[in-house]
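Student:
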Amino acid sequence: MIIVDPGRRCRELLLPIFDVWLDRLFGRLNYFLTQFFTGHECFNAFLHRIGKVPGAECPYCGVPIETPTHAVFNCYVWSAYRGDLPPTSERDLAGDQALVRRMLQSEVEWARLSDTVSTIVMLRKDGRQFERLLLASQPSEVLTSD
-19 MIIVDPGRRC
-9 RELLLPIFDV
1 WLDRLFGRLN
11 YFLTQFFTGH
21 ECFNAFLHRI
31 GKVPGAECPY
41 CGVPIETPTH
51 AVFNCYVWSA
61 YRGDLPPTSE
71 RDLAGDQALV
81 RRMLQSEVEW
91 ARLSDTVSTI
101 VMLRKDGRQF
111 ERLLLASQPS
121 EVLTSD
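Number 84 in this note's numbering belongs to position 104 of the sequence shown; there are no gaps in the numbering.
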């Protein structure tokens, strides 16, 4: 049995720097940053957990579990959009936490990194829609009786 803990990813990302997060004078969240923070919407680990897709693997590179960490930091498909974000371990949220700390350093860093993450998540979401259209457009097998 898998124990689901709603909000866990957000808590693990933000609680270590919660005071700085609350006291910041810049940095608005958008839809795509929210998806990165929560891990919801377009990532197969989440979609598989709620029964929307048959598997949790990355549809682009085949990694067994596609998470926000994988998409933003490690999946080769999004490397052109990643900028200076280094690859990171997918076993914990250390890389994600470092990203949030960098975002909180200045308004310029927030804007730059927010754009990077938002672009990758937006393209991933668009890719999800493309995958659905591709599947829907494939001819279905017609069963005939001989």
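We put the CB at the ideal spot given by N, CA and C, even for glycine.
Source: prediction; values computed, not measured.
(1) By alpha-carbon positions, which one of Lys105, Arg82, Asp106 ends up nearest to Gly7?
(2) Determine the DSSP secondary structure at Ala36, reduced to helix, strand or coil.
(3) Whole angstroms is fine: what's the gap from Cys(-10)'s alpha carbon to Cys22's?
(4) So is His50 buried or exposed if we call it buried at 16+ other beta carbons inside 10 Å?
(5) Going by CA-CA distance only, name the one from Val57, Pro(-14), Arg29, Ile30 that's closest to Gly42.
(6) Looking at the unbroken alpha helix (DSSP H) that takes in Cys(-10), where does it start and where does it end?
(7) Take Leu73 as the anchor and find which of Trp1, Leu5, Thr18 has the nearest alpha-carbon.
(8) Is the separation between the beta-carbon of Leu(-7) and that of Val97 shorter than 7 Å?
(9) Could I get the ranges of all uninterrupted alpha helix (DSSP H) runs contained in the segment 67 to 100, with 4 residues as the minimum, in chain order?
(10) Any idea what DSSP makes of Asn10, helix, strand or coil?
Tutor: Let me spell this out:
(1) As a working mapping, residue 7 is identified with position 27 in the sequence shown. When each option's Cα is compared against that of Gly7, the closest is Arg82.
(2) Position 56 of the sequence shown holds residue 36. Three-state DSSP puts Ala36 in coil, outside helix and strand.
(3) Translated into positions along the sequence shown, residue -10 becomes position 10. Translated into positions along the sequence shown, residue 22 becomes position 42. Each residue's Cα considered, the two are about 16 Å apart.
(4) Numbered from 1 along the sequence shown, position 70 holds the residue referred to as residue 50. So His50 ends up on the buried side.
(5) On the sequence shown, position 62 is the one that residue 42 refers to. Among Val57, Pro(-14), Arg29, Ile30, the Cα nearest to that of Gly42 is on Val57.
(6) For this step, residue -10 is matched to residue 10 along the sequence shown. Element bounds for Cys(-10): -12 to -6.
(7) Position 93 of the sequence shown holds residue 73. Nearest of Trp1, Leu5, Thr18 to Leu73, Cα basis: Thr18.
(8) Taking the sequence shown and counting its residues from 1, the one referred to as residue -7 is at position 13. Taking the sequence shown and counting its residues from 1, the one referred to as residue 97 is at position 117. Using a Cβ distance threshold of 7 Å, Leu(-7) and Val97 do not count as a contacting pair.
(9) 74 to 83
(10) Position 30 of the sequence shown, counted from the start, is the residue given in the question as residue 10. Coil, per DSSP.
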